[in-house]
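Residue numbers (the UniProt record's numbering): 1 to 86.
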């Protein structure tokens with residue numbers, strides 16, 4: 001009697017590990033976003049919005065948890081790109 005853990009898998013990470021990795025990556029993205037937004041340059045803000053959209057599009061279509069993370073990051077990015085710093 002074998003368990004699912006013994007079965008070969010294409011993905012070496014379990015669902016929780018993949019989700020954790022995505023959350024960590026999104027934390028890094030938000031850190032970079034905040035740093036880039038500290039520059040009061042409209043062109044940089046537009047670049048950041050575009051980059052965040054591309055990253056979030058890659059995550060779309062996952063589990064309910066992933067969709068919740070994407071929605072929260074999108075909301076945070078919208079707020080951050082709408083704030084004038086300085």
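Cβ coordinates follow ideal geometry from the N, Cα and C atoms, glycine included.
Short Cβ contact (8 Å threshold) for residue 26 with residue 69: yes
Residue 14 (DSSP reduced to helix, strand or coil): coil
Every unbroken beta strand (DSSP E) within the stretch 23-83, with a cutoff of 3 residues, ordered by chain: none
8 Å Cβ cutoff met for residue 36 and residue 44: yes
For residue 28 and residue 34, the rounded distance between their alpha carbons: 10 Å
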